[in-house]
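Peer 1: Residue numbers (the working numbering): 2 to 488. One structure is given below, represented as structure tokens, and several questions about it will come after.
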Amino acid sequence: MADPKGFINVSRQTPTRRPIDVRIQDWKEVYEPQEFGVLQKQASRCMDCGIPFCHQGCPLGNLIPEWNDLIWRGEKKEAIARLHATNNFPEFTGRLCPAPCETACVVGVNGDPVTIKQVELRTIEEAFDYGDVNPLPPDRLSGKTVAVIGSGPSGLAAAQQLTRAGHTVAVYERAEKVGGLLRYGIPEFKMEKQIVDRRITQMEGEGTRFRSGVNVGVDITGQQLRAKYDAVVLAVGATNWRDINVPGRDLKGIYQAMEFLPWGNKQALNEISGEPPINTHGKAVIILGGGDTGADCLGTSIRQGAASVTQLEIMPRPTEERPSAQPWPTYPMIYRVSSAHEEGGERLYAVSTEEFLGDENGNLRAIKLSEVEFKKESGKFEKVPGSEKELKADFVFLAMGFVGPEKSELLQQLEVEFDERGNIKRDENFATNIDGVFVAGDAGRGQSLIVWAIAEGRSAAAAVDTYLVGETQLPSPIEPTARPLMV
Ligand SMILES: Cc1cc2nc3c(=O)[nH]c(=O)nc-3n(C[C@H](O)[C@H](O)[C@H](O)COP(=O)(O)OP(=O)(O)OC[C@H]3O[C@@H](n4cnc5c(N)ncnc54)[C@H](O)[C@@H]3O)c2cc1C
Numbered sequence: 002m003a004d005p006k007g008f009i010n011v012s013r014q015t016p017t018r019r020p021i022d023v024r025i026q027d028w029k030e031v032y033e034p035q036e037f038g039v040l041q042k043q044a045s046r047c048m049d050c051g052i053p054f055c056h057q058g059c060p061l062g063n064l065i066p067e068w069n070d071l072i073w074r075g076e077k078k079e080a081i082a083r084l085h086a087t088n089n090f091p092e093f094t095g096r097l098c099p100a101p102c103e104t105a106c107v108v109g110v111n112g113d114p115v116t117i118k119q120v121e122l123r124t125i126e127e128a129f130d131y132g133d134v135n136p137l138p139p140d141r142l143s144g145k146t147v148a149v150i151g152s153g154p155s156g157l158a159a160a161q162q163l164t165r166a167g168h169t170v171a172v173y174e175r176a177e178k179v180g181g182l183l184r185y186g187i188p189e190f191k192m193e194k195q196i197v198d199r200r201i202t203q204m205e206g207e208g209t210r211f212r213s214g215v216n217v218g219v220d221i222t223g224q225q226l227r228a229k230y231d232a233v234v235l236a237v238g239a240t241n242w243r244d245i246n247v248p249g250r251d252l253k254g255i256y257q258a259m260e261f262l263p264w265g266n267k268q269a270l271n272e273i274s275g276e277p278p279i280n281t282h283g284k285a286v287i288i289l290g291g292g293d294t295g296a297d298c299l300g301t302s303i304r305q306g307a308a309s310v311t312q313l314e315i316m317p318r319p320t321e322e323r324p325s326a327q328p329w330p331t332y333p334m335i336y337r338v339s340s341a342h343e344e345g346g347e348r349l350y351a352v353s354t355e356e357f358l359g360d361e362n363g364n365l366r367a368i369k370l371s372e373v374e375f376k377k378e379s380g381k382f383e384k385v386p387g388s389e390k391e392l393k394a395d396f397v398f399l400a401m402g403f404v405g406p407e408k409s410e411l412l413q414q415l416e417v418e419f420d421e422r423g424n425i426k427r428d429e430n431f432a433t434n435i436d437g438v439f440v441a442g443d444a445g446r447g448q449s450l451i452v453w454a455i456a457e458g459r460s461a462a463a464a465v466d467t468y469l470v471g472e473t474q475l476p477s478p479i480e481p482t483a484r485p486l487m488v
């Protein structure tokens, strides 16, 4: 175990963010690396408690006390081996995960939890720096072929596991480059895209083939795919966005978050010449949706030079402390300040959009909103009489979540069934109703998190391996029905 008194003698210390006025001038990641000695002391705070609830909090079942101990001792190679044993891509989760492991940490019962996510991130970054992340090709090939459709974290995890098990795997992606939401949704200031590229390089070295720019269902049919491959994994995400049906929705200037964010990333990487087609420079921006996607729109708008940004949320402002109804070790809904929130903009809670208002040319000019209260009697949010007001808006970004996978040509051609929530239906082995066709990630689970997508990809890979060769040695961290530790 790490230092037995570490959690008593050392206080929690998170890495610093770059100064706001500096970081909003560029698109680089906001966090400064922590000095290794400081990180080791943080790792020493892990109590190696009898029942590590952090394992429960993490869908991947990361062996957190083990690598905390190894990092504290400076045994970096062993630490990354233990981390990679359960997580294909700790560099993604170390940057982007909301860390349900930390809200389940036993030190957090009456103190500040261990900075697990930082230890994870530094462990993998040290491994990349010292050349310890190399391709691990299989010893022999099985002769079986698998097509993975979609290159987000679930598709990548499934592909890496199946390639290492000896199958010949091709990942199809309709976008120009692979990575799914890691590349096109998550802004550069949260994770630079060279982080995705270097992992793809490792996967190519292992033998995984990538076919980007191929819209499966259009460029190759579902039937052709099934004839060509022994198994298919649908990792197509939950890209069907939630919309809002109020007067004025068709005015010019209202976009979905995922129509806006990819341009921000292309701009950040100089992949477009000139101005992006949606450019908030000097404009009044309103974001509907108080979650992470909304915060990504906020940080992107600020970097483009928006004149004002307001983020609207229908729910009331959460409390700063855990609500009593969401005790340790659950993941609580509390007031969080992301790096983008520090950078500017205003957050309004308990408000609802009544109408979008336009000018004579059909351009958005304002949004009409009202305050709302949740009424137990009706079970609905109800308008507070007389609370209507108008806010100037040149752009509105809708960041209200996603309602399952698109009912695309591919899914129609394959004739897969959907569950009552609109996600692709699967059994306890991640199998759809069609023989040899499996589903992983948001497409089967519904809109979720990267850590769940990786866990899904790993588990679906184990199921596919069993389907192909009758047995598997691949780990399966979750069941398709597994849910976060919540009350
Ligand atoms: C803006 C935004 C920010 C987010 N930030 C975070 C965060 O900070 N932390 C976190 O944990 N989670 C975050 N999430 C959620 C997280 O990104 C998703 O849960 C995760 O990416 C799901 O992975 P996936 O592999 O299932 O699907 P996706 O990442 O959505 O990938 C699916 C891929 O399939 C491709 N595809 C679909 N149909 C076809 C087809 N017919 N042919 C070929 N390719 C196809 C799509 O183009 C896409 O690339 C965020 C989500 C959004 C929208």
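Quick reminder that beta carbons are idealized off the backbone N, C-alpha and C, glycines included.
Please tell me whether P91 and L97 are closer than 7 Å, where the distance is taken between their beta carbons.
Peer 2: Contact: no.
Peer 1: Within 10 Å of its beta-carbon, does V110 have 16 or more other beta-carbons around it, so buried, or fewer, so exposed?
Peer 2: Exposed, since its Cβ has fewer than 16 Cβ neighbours within 10 Å.
Peer 1: Considering just the uninterrupted stretch of the alpha helix (DSSP H) at I451, what are its terminal residues?
Peer 2: Looking at the DSSP string, the run of the alpha helix (DSSP H) that includes I451 is 451–470.
Peer 1: Using DSSP with H/G/I as helix, E/B as strand and the rest coil, what is W242?
Peer 2: Correct three-state label for W242: strand.
Peer 1: Apart from the five residues just before and just after G249, which ones in its own chain have a Cβ nearer than 7 Å to its Cβ?
Peer 2: Contacts found: E356, F357, L358, G359.
Peer 1: For T240, which residues from the same chain have a beta carbon less than 6 Å from its beta carbon, with the 5 sequence-adjacent residues on both sides left out?
Peer 2: Taken in chain order, the residues that qualify are E407.
Peer 1: Please specify which runs of the alpha helix (DSSP H), each continuous and at least 4 residues long, are wholly inside the region 325–363, giving them in chain order.
Peer 2: The qualifying runs are 340–344.
Peer 1: Use the C-beta contact count for I52: other C-beta atoms within 10 angstroms, 16 or more gives buried, fewer gives exposed.
Peer 2: By the 10 Å Cβ count, I52 comes out exposed.
Peer 1: Where does A400 sit, in a helix, a strand or coil, going by DSSP?
Peer 2: Reduced to three states, the DSSP call for A400 is coil.
Peer 1: Report yes if the CB atom of E297 is closer than 7 Å to the CB atom of P188, and no otherwise.
Peer 2: In the sequence as presented, Glu is not what sits at residue 297; that position holds Asp. The answer is yes: Cβ separation under 7 Å.
Peer 1: How long is the line joining the alpha carbons of D251 and G206, rounded to whole angstroms?
Peer 2: Cα to Cα, D251 sits roughly 47 Å from G206.
Peer 1: Cα separation between L163 and F431?
Peer 2: Going from the Cα of L163 to the Cα of F431 covers about 15 Å.
Peer 1: Between A150 and L235, is the Cβ-Cβ spacing less than 7 Å?
Peer 2: Looking at the sequence provided, one finds Ile at residue 150 rather than Ala. A contact, by the Cβ cut-off of 7 Å.
Peer 1: Given a cut-off of 7 Å on the beta-carbon distance, is the pair V373 and K390 in contact?
Peer 2: Cβ distance not < 7 Å, so V373 and K390 don't count as in contact.
Peer 1: Near P138, which residues of its chain fall below 6 Å by C-beta distance, leaving aside the five closest residues on each side in sequence?
Peer 2: Hits under 6 Å: E207, G208.
Peer 1: Excluding sequence positions up to five away, which residues of its chain have a Cβ less than 7 Å from the Cβ of K369?
Peer 2: Here the set comprises E355, E356, L358, E389, E391.
Peer 1: Would you check if there are 3 or more beta carbon pairs closer than 8 Å linking the region 271–287 to the region 179–195?
Peer 2: In short, these stretches do not touch, since the Cβ pair count stays below three.
Peer 1: Determine the DSSP secondary structure at Q14, reduced to helix, strand or coil.
Peer 2: Residue state, collapsed to three classes: coil.
Peer 1: Report the residue from T87, N424, L157, Q474 whose alpha carbon sits nearest the alpha carbon of G458.
Peer 2: Per the Cα distances, L157.
Peer 1: Using the beta-carbon count (16 or more within 10 Å), is E30 buried or exposed?
Peer 2: Buried is the call here.
Peer 1: Under the three-state reduction of DSSP, which class applies to L97: helix, strand or coil?
Peer 2: Helix.
Peer 1: Based on Cα-Cα distance, which residue from G290, I303, N362, G292 lies nearest to N280?
Peer 2: Ranking G290, I303, N362, G292 by Cα distance to N280 puts I303 first.
Peer 1: Going by other Cβ atoms of all chains shown within 10 Å of its Cβ, with 16 needed for buried, is D443 buried or exposed?
Peer 2: Classification for D443: buried.
Peer 1: Is it the case that the Cβ atoms of A285 and A400 are separated by a distance below 7 Å?
Peer 2: No, Cβ-Cβ distance for A285 and A400 is not below 7 Å.
Peer 1: Tell me which residues share the same chain as N135 and place their Cβ nearer than 8 Å to its Cβ, disregarding the 5 neighbours each side in the sequence.
Peer 2: Correct list, in chain order: Q203, G206.
Peer 1: Is any non-hydrogen atom of ligand 1 found closer than 6 Å to the C-beta of V237, if you look at the structure I gave you?
Peer 2: Checking the Cβ of V237 against ligand 1 gives yes.
Peer 1: Between the C-alpha atoms of T331 and H56, what's the straight-line distance to the nearest angstrom?
Peer 2: Rounded to whole angstroms, T331 to H56 spans 13 Å at the Cα level.
Peer 1: Could you pull the start and end residues of the alpha helix (DSSP H) that S155 belongs to?
Peer 2: Start and end: 154–165.
Peer 1: Ends of the alpha helix (DSSP H) at S1?
Peer 2: No statement about residue 1 is possible, as the shown extent of the chain runs from 2 to 488 and does not include it.
Peer 1: Within 10 angstroms of the Cβ of A326, are there 16 or more other Cβ atoms? Answer buried if so, exposed if not.
Peer 2: So A326 counts as exposed.
Peer 1: In the structure shown, what three-state DSSP assignment does K194 receive?
Peer 2: Note: K194 maps to coil in three-state DSSP.
Peer 1: Whole angstroms are fine: how far does the CA of D198 sit from the CA of R318?
Peer 2: Roughly 38 Å separates the two Cα atoms.
Peer 1: Alpha carbon to alpha carbon, how far is Q257 from V23? Give it in angstroms, no decimals.
Peer 2: Cα-Cα distance, rounded: 29 Å.
Peer 1: Which same chain residues end up closer than 7 Å to K118 when comparing Cβ atoms and leaving out the 5 residues on each side of it in sequence?
Peer 2: Hits under 7 Å: G95, C98, A100, E103.
Peer 1: Counting C-beta neighbours from all protein chains within 10 Å, is the total for A483 16 or more, i.e. buried, or is it exposed?
Peer 2: So A483 ends up on the exposed side.
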